[in-house]
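Structure, as C-alpha cells:
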Amino acid sequence: MMKHALLFAAALTAAAPAAAAPSWRDYKGVSNSSFVEPGGDRSLQLSIDLDAPPEAVFTLFATSEGFASWAVPVAKVDLRVGGSIEASYNPKAPIGDPDNIINRIEAYIPARLLVIRNVQTPSSLPNRELFGKTVTMIDFAPLPGGRTRLTLTNAGYGKGEGFDALYRHFEWGNAYTLDRLRQRIATGKPLR
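The sequence shown begins at 4 in this note's numbering and counts up by one.
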C-alpha cells in the first residue's frame, strides 16, 4: 500500500510499491520545469493549474483546517514569518510528536507566495539530514477565469547519491501532493 507523499515542499514521505517506481508523469496535469541553478545545485519545479482563485488555494496551505482537508490528517499551521506547518500522516500523532513533519515559514505574501524550509522529518526518510538544506517556494499565480497556476520549486539539491535519492523521491512525492490538491479543489470536499 502506498503512503501519502512528503510535501515541501513539504516535506511529505512516501513508500512506493515494490513492483514499479512511481513517477511524476503518473499525475495528469502536472508539469515539470526543473532546472540546474547557476551554482550547480538542482531545483525541482513542478506546477499544476487549479480551478480555484489564488486566495482559496493559499488558504488550503495557510490554515490548519485547509491543510488537513487534503494533505494530512494532522496539521497545525502558524502562519507568520518564523511560524511553522507541522503535519503527520499518522491520524493518532499528537502535535509535537518527534516524528512529525515540520516546515518553518521563511516568508510569505498572502495568496501569492509561501516559502518554507524543512526542520524536522520522520525518522524513516532516508537522507533526511540533507533535506533541511533545501528550501521550497510555492507560487500562487492567478490565471484567467478565477484559476491558479500553483508552482512548487524545491531548490538546493546538491551533488551526490543522497541528494539524488531525495530528488527522485520528491519529484514523485510532490507530483502526488499536487494531484491531491487538485482532487480536493475538484471535489470541494476534504479528502480522507
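All residues carry an ideal CB built from backbone N, CA and C; glycine is no exception.
These numbers were taken from a predicted model, which means no experiment stands behind them.
| Asked | Found |
| --- | --- |
| Identify, in the order they occur along the chain, each residue of the same chain with its Cβ nearer than 8 Å to the Cβ of V138, setting aside the five sequence neighbours on each side. | E109, V118, I119, R120, N157, A158, G159 |
| Beta carbon of P57, beta carbon of A114: below 8 Å? | yes |
| Does the distance from the C-beta atom of R183 to that of D52 stay below 8 Å? | no |
| Starting from L117, follow its DSSP beta bridges and name the residues at the other end. | Y111, I141 |
| Name the DSSP bridge partner or partners of I105? | E89, Q123 |
| Please classify R152: does DSSP put it in a helix, a strand, or coil? | strand |
| Does G85 pass the burial test, meaning 16 or more other C-beta atoms within 10 Å, or should it be called exposed? | exposed |
| Would you mind giving the Cβ-Cβ distance between L181 and V33, rounded to the nearest angstrom? I have them listed as a contact below 8 Å. | 5 Å |
| If you draw a straight line from the alpha carbon of G176 to that of R150, how long is it in whole angstroms? | 23 Å |
| Specify, as a first and last residue, the run of the alpha helix (DSSP H) that D182 falls within. | 164-190 |
| Taking the continuous beta strand (DSSP E) assigned at A78, which residues delimit it? | 77-80 |
| Where does D44 sit, in a helix, a strand or coil, going by DSSP? | coil |
| Mapping the DSSP letters down to three states, classify G161 as helix, strand or coil. | coil |
| According to DSSP, is D54 part of a helix, a strand, or is it coil? | coil |
| What is the rounded straight-line gap between the Cα of T190 and the Cα of P145? | 20 Å |
| The alpha helix (DSSP H) spanning G69 covers which residue range? | 67-71 |
| For the alpha helix (DSSP H) holding R131, just list the boundary residues, first then last. | 131-134 |
| Anyone know if the C-beta pair for K136 and G163 falls short of 8 Å? | no |
| Straight-line CA distance for A168 to S127? | 14 Å |
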